[in-house]
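Structure first, then comments.
Residue numbers (my numbering): -16 to 162.
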């Protein structure tokens, strides 16, 4: 009898550890029609959400089920989508389905934010100075960047961001070409 109790206790502990392991942030790349989309699953039992950072979609509400045996089902009603996965060691292997099309999707722990090597990190071989030009009611602000050893003969370049929702770094989907 004692042996049976130990076996049941070990099985329950294993089931709980799998459910616990599936909480937190998980991410994967979804291959769709020749392109790759990053999906980030925030698997919180109370308020699960999905992010699609490549599309600028953050915090999409989801519903989560854990039917047991290391399985997880995430429904995204606003997208008419669902993810069904199976916990396998340090990953969740499954299928993402939307509009009757299914795609394999493996999730690994963490967010796996893309590296942005174009965003400079100091120290820089140039100096920077914030400048302001006023003309009547209009004020134009910018950053003057001067390379080391520049003279009056050093060519100048004026960079202006395009149209749309952007900041002065022309930031779009966490990409900053003017940073």
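For each residue, glycine too, the CB sits at the ideal point set by N, CA and C. All of these numbers come straight from a predicted model, not from anything done at the bench.
Helix, strand or coil at residue i according to DSSP, with G and I counted as helix
| i | result |
| --- | --- |
| residue 61 | helix |
| residue 104 | coil |
| residue 36 | helix |
| residue 143 | coil |
| residue 162 | coil |
| residue 134 | coil |
| residue 152 | coil |
| residue 6 | coil |
| residue 67 | strand |
| residue -7 | At residue -7 the pLDDT is 42, less than 50, meaning the model places this residue with poor confidence and gives no usable figure here. |
| residue 17 | coil |
Option nearest residue i by Cα separation, candidates the options
| i | options | result |
| --- | --- | --- |
| residue 44 | 52, 51, 37, 26 | 26 |
| residue 142 | 104, 126, 47 | 126 |
| residue 111 | 133, 74, 12 | 133 |
| residue 52 | 128, 109, 75, 65 | 75 |
Residue i at chain C interface by Cβ criterion, 7 Å
| i | result |
| --- | --- |
| residue 155 | The structure shown contains no chain C; it is built from a single protein chain. |
Boundaries (first-last residue) of the beta strand (DSSP E) holding residue i
| i | result |
| --- | --- |
| residue 113 | 109 to 118 |
| residue 48 | 46 to 51 |
| residue 77 | 74 to 81 |
| residue 84 | 84 to 92 |
>> Check whether the region 99 to 119 and the region 79 to 87 touch, using three or more Cβ-Cβ pairs below 8 Å as the test.
In response: Verdict: no, contact absent.
> So does the region 31 to 44 actually touch the region 14 to 21, counting three or more Cβ pairs closer than 8 Å?
Replying inline: In short, these stretches touch, since the Cβ pair count reaches three.
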